[in-house]
Every structure is written in C-alpha cells, then in structure tokens.
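Engineer:
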Amino acid sequence: MSRHTNHTILEKDGVPAFVVVPYEEYLELLGEQDDDLLLPHEVVVAHGVDGKSLVRAWREYKGLTQADVATRLGISQSAYAQMERPDANLRRVTLAKLAGALGVEIGQLRL
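In case it helps, the working numbering puts the sequence shown at residues 2 to 112.
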C-alpha cells in the first residue's frame, strides 16, 4: 500500500470505534482468504499437537531439508531456519516466497 488514502474515523461516545477504508485496501489488509484450502492430517498434527510452525510442518511433510528450501529461496540455511521458528512473524511477501518454494498456497501457511 504505497498510496495515500484519507481514512474516515467513526467515533462512539467520543472514542474512535471504526475506520472506513476503500474496499480494495481492505482486501489488501485482509490478505487472501480461501476457505477451500486444506491441510494434510500430518501437517495439522505437526503444527497443532507438536507445536511446529506451519512452514516447518509443510517442509517435513514434503520430505525437504532446510537446505533444500533455502536453495530454492536463494538464501542461507541459517536464514531459512529463522523463518521456520514457531514465533517467526513473517511478512506476506515472505510467506508468498515460502509458499512458492514449498509448492503450497499462501493460505496454507497461515491460520
């Protein structure tokens, strides 16, 4: 979102309660939403039960090493390992690159 937009702030009892934004900007903020995306059982267990990040769960499900994915991304294995941490706060652009490297949809890397 590199454009400047004047947003309308709606107040309730003198306190900001809502912001009106253009619909296209709302969609950008929301990101891709696809309720039809599925996760294999193994990925769900690795993420939900074992506490692994979705990135790691998918990589392991696909039978790839960290070095394999790092090579696909053109980065070092240690840089990729940071992306795999459960507490990693990845930007949408990074998630898109990871999805491409893992052969999954971006929505399958976010819950």
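For each residue, glycine too, the CB sits at the ideal point set by N, CA and C.
Just to confirm, is the Cβ distance from Ala100 to Val70 under 7 Å?
Structural biologist: It is not a contact, given that the beta carbons lie outside the stated cut-off.
Engineer: CA-CA distance, Thr66 and Ser79?
Structural biologist: For Thr66 and Ser79, the distance between alpha carbons rounds to 12 Å.
Engineer: Span of the alpha helix (DSSP H) holding Leu55?
Structural biologist: Looking at the DSSP string, the run of the alpha helix (DSSP H) that includes Leu55 is Leu55 to Tyr62.
Engineer: Can you look up Glu12 in the DSSP assignment and give me helix, strand or coil?
Structural biologist: Strand.
Engineer: Use the C-beta contact count for Val44: other C-beta atoms within 10 angstroms, 16 or more gives buried, fewer gives exposed.
Structural biologist: Label assigned to Val44: buried.
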